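Protein chains: 2
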Amino acid sequence: MKRPDFNIVFVGAGNVASCLAPALMQKGCRIVQVYSRTQESAQTLARKADCPYTTDLTQISGEADLYIVSVKDDALDDVTARLACSGNPDALYAHTAGSMPMDVWKGKIRRYGVLYPMQTFSKQRAVDFSAVPFFIEANSEEDACLLKEVAGRVSPKIYEASSEQRRYLHIAAVFACNFTNHMYTLCDRLLAAHGLPFESMLPLIDETARKIHELPPLEAQTGPARRNDRNVIGRHLDILKKEAPELADLYGMISRSIHTYELNNKMTSR
Amino acid sequence: MKRPDFNIVFVGAGNVASCLAPALMQKGCRIVQVYSRTQESAQTLARKADCPYTTDLTQISGEADLYIVSVKDDALDDVTARLACSGNPDALYAHTAGSMPMDVWKGKIRRYGVLYPMQTFSKQRAVDFSAVPFFIEANSEEDACLLKEVAGRVSPKIYEASSEQRRYLHIAAVFACNFTNHMYTLCDRLLAAHGLPFESMLPLIDETARKIHELPPLEAQTGPARRNDRNVIGRHLDILKKEAPELADLYGMISRSIHTYELNNKMTSR
């Protein structure tokens, strides 16, 4: 086994840290300490990462050469400011937030950057990091290399991205992941209301995701909105208005958007 | 090889027929003829299914024991009426439309039903039918069995479903497949506008689909709308309003819906 050559403190014990810390540990990094506001989260992750924990930012270890901060975006400004006062002043500091600029560190600490793993993380599920793209940014080339090396321990897909590019990546990821998952949730709710098993949808969901490995999503589209099949759309809307009016609004708006893209596509491909 | 014991005419040569006809042929069914309004579609499918074609419904073959109708829902009423006049009056007739009732056949022909393969079909892509659930309905038990036998040739997942259940299945499938695919399209558009490759999203998209094999979609949800992270949501909306106002509306509506589901879930799980 490789000698541990990164000593890392994880600040935050949410979904990202809960997946990333054990993965880095398995690749020979030493997790020095974890911090979380709540004892329960801190303890759970500390157990996974086999390290001490704290719930007090002033008690953060000064023994690390890398501090990885994964907290709610709303808390990032405050946490980074307080962390900079208690952590090792010579170490490298990185946050993992898709839509927060690197400059959130500016003026607080000397060496800093971003390490954004573009994936959906849940504590209940281990993620295969070898398929997770990491987007890296740092305030020096040397530290960008260091962050690439750390991320490279768990994934072969390492890219550099500016704060602006990362912001668009994050918005796009919200559509591709969170909004997609919400479509699954709405599907689940509709089926459950009629005694139909969500399981029966999985082949369709899988094929929908597989298809776009081969076809651009605009070409892969099917269904009543693409065909502008107004009878079907009208019947679906009538049903939804009766039993779930909030779904009728979403159905209408997304169907119109599909149809608009289809029309624009036909016009430009003429 | 098994002796062909189903003689089938395909009426319509769209995405469903283009995938289903060759699959049934490979499992020993004989495709007697295909019909399409347009010569090009008819010819293409006839080549795939190694059979003659027609573009004239009055010239439909009387030699089949099963007629499978896959046409736009809007055209189904008219096509079934005209088909009933020229096809074999003793044969079984089935349509493949998710949201059309079985009764579209009533009064037109003696033996009829529905054979609904719940999948997204594109002509450009071969589908693995062994993972496609088929939902069957017929106006006699005997013919329901026959349709199950036909569908059973290509898939092990055969269910009976009433016209009402199928209607809900179809709405749910629109959310799980068409609307999901539209989220991919919007993601693609955002990335393309900023020189970022759609390919980099595929691991995230795949994991989002895989995750719900293990977790209910409501639990699998992540991201700013679930966390109700108003700073992120606000920044995303500001950016979208500037460069794609129609996406800002969708972003706002879907985010609100995610947050509502999250709140309801917290309340009920208290």
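Just so you know, the protein sequences line up as chains V and A, in that order. Each residue of the first sequence is one higher than the one before, counting from 1 in the UniProt record's numbering. Each residue of the second sequence is one higher than the one before, counting from 1 in the UniProt record's numbering. By construction, the Cβ of each residue, glycine as well, lies at the ideal position given by its N, Cα and C atoms. Source: prediction; values computed, not measured.
Beta-ladder partner(s) of residue i, from DSSP
i, result
"A/N7", "A/R30"
"A/F134", "A/P117, A/I158"
"A/H95", "A/V69, A/V114"
"A/S122", "A/R125"
"V/Y35", "V/V11, V/T54"
Test: residue i CB closer than 9 Å to a CB of chain A
i, result
"V/K241", "no"
"V/K157", "yes"
"V/R3", "Low per-residue confidence applies at V/R3: pLDDT is 45, beneath 50, and the placement is therefore not dependable, though the value from the model is reported in the following sentence. Answer no: the Cβ-Cβ gap between V/R3 and chain A never drops below 9 Å."
"V/G152", "no"
"V/S70", "no"
"V/T180", "yes"
"V/R47", "no"
"V/Y67", "no"
"V/D249", "yes"
"V/T80", "no"
"V/S163", "no"
"V/T222", "yes"
"V/Y35", "no"
"V/N88", "no"
"V/A144", "no"
"V/T44", "no"
"V/T120", "yes"
"V/E63", "no"
"V/L191", "yes"
"V/Y53", "no"
"V/I171", "yes"
Presumed contact (8 Å Cβ cut-off) between residue i and residue j, rounded CB distance
i, j, result
"V/K108", "V/A81", "6 Å"
"A/I136", "A/K123", "That pair is no contact at about 25 Å."
"V/A131", "A/P203", "4 Å"
"A/Y159", "A/P133", "6 Å"
"A/Y116", "A/T96", "6 Å"
"V/K27", "V/R153", "4 Å"
"V/A64", "V/N7", "5 Å"
"A/I258", "V/N178", "7 Å"
"residue 271 of chain V", "V/L92", "With chain V covering only 1 through 270, there is no way to say anything about residue 271 of chain V."
"V/I254", "A/L250", "7 Å"
"V/S61", "V/Q33", "4 Å"
"A/V79", "A/V150", "In fact, because the Cβ distance is near 20 Å, the residues do not count as touching under 8 Å."
"V/T55", "V/R30", "The Cβ separation is near 21 Å, so there is no contact."
"V/T208", "A/Q221", "Contact doesn't hold; Cβ gap of about 18 Å is too wide."
"V/A13", "V/S41", "4 Å"
"A/M183", "V/M183", "7 Å"
"V/I233", "V/A244", "So it is not a contact: roughly 16 Å between Cβ atoms."
"A/Q43", "A/Y35", "About 12 Å separates the two Cβ atoms, so there is no contact after all."
"V/L247", "A/Q165", "With a Cβ gap of about 18 Å, V/L247 and A/Q165 do not count as contacting."
"A/K45", "A/S18", "First, the residue type needs correcting, since residue 45 of chain A is Leu and not Lys in the sequence shown. That pair is a contact at about 6 Å."
9 Å Cβ cutoff, residue i in contact with chain V
i, result
"A/K148", "no"
"A/M183", "yes"
"A/V127", "yes"
"A/E219", "yes"
"A/V174", "yes"
"A/I136", "no"
"A/T38", "no"
"A/S41", "no"
"A/E160", "no"
"A/E214", "yes"
"A/N231", "yes"
"A/P133", "yes"
"residue 288 of chain A", "This structure gives no information on residue 288 of chain A, because the portion of chain A shown stretches from 1 to 270."
"A/Q124", "yes"
"A/C187", "yes"
"A/L83", "no"
Min CB distance residue i to chain C below 9 Å
i, result
"A/P245", "Within the model displayed, chain C is absent; protein chains V and A are what it includes."
Taking only beta carbons into account, state which residues of the stretch 92–118 of chain V come closer than 9 Å to chain A, listed in chain order. The stretch 92–118 of chain V vs chain A, Cβ under 9 Å: A97, G98, S99, M100, M118.
To test your reading of the DSSP string, which unbroken alpha helix (DSSP H) runs of 4 or more residues are found completely within the stretch 47–90 of chain A? Here the runs fully enclosed are 73–86.
Members of the stretch 2–30 of chain V that neighbour chain A once the beta carbon cut-off is set at 7 Å: Those residues of the stretch 2–30 of chain V that come within reach of chain A (Cβ to Cβ, closer than 7 Å) are N15.
Which complete alpha helix (DSSP H) runs does the UniProt domain "DUF2520" (132–258) of chain A hold, if anything under 4 residues is left out? Along the length of the UniProt domain "DUF2520" (132–258) of chain A, whole alpha helix (DSSP H) runs at least 4 residues long occupy 141–152, 163–173, 180–192, 202–211, 217–220, 224–227, 230–243, reported in chain order.
Select from the stretch 255–266 of chain V all residues with a C-beta closer than 8 Å to any C-beta belonging to chain A, and list them in chain order. For the stretch 255–266 of chain V, which is checked against every Cβ of chain A, the residues closer than 8 Å are S257, I258, T260, Y261.
Tell me which residues of the stretch 196–209 of chain V have at least one Cβ-Cβ distance to chain A shorter than 8 Å, keeping chain order. Shown in chain order are the members of the stretch 196–209 of chain V whose Cβ falls below 8 Å from a Cβ of chain A: L196, F198, S200, M201, L202, P203, L204, I205, D206, E207, T208, A209.
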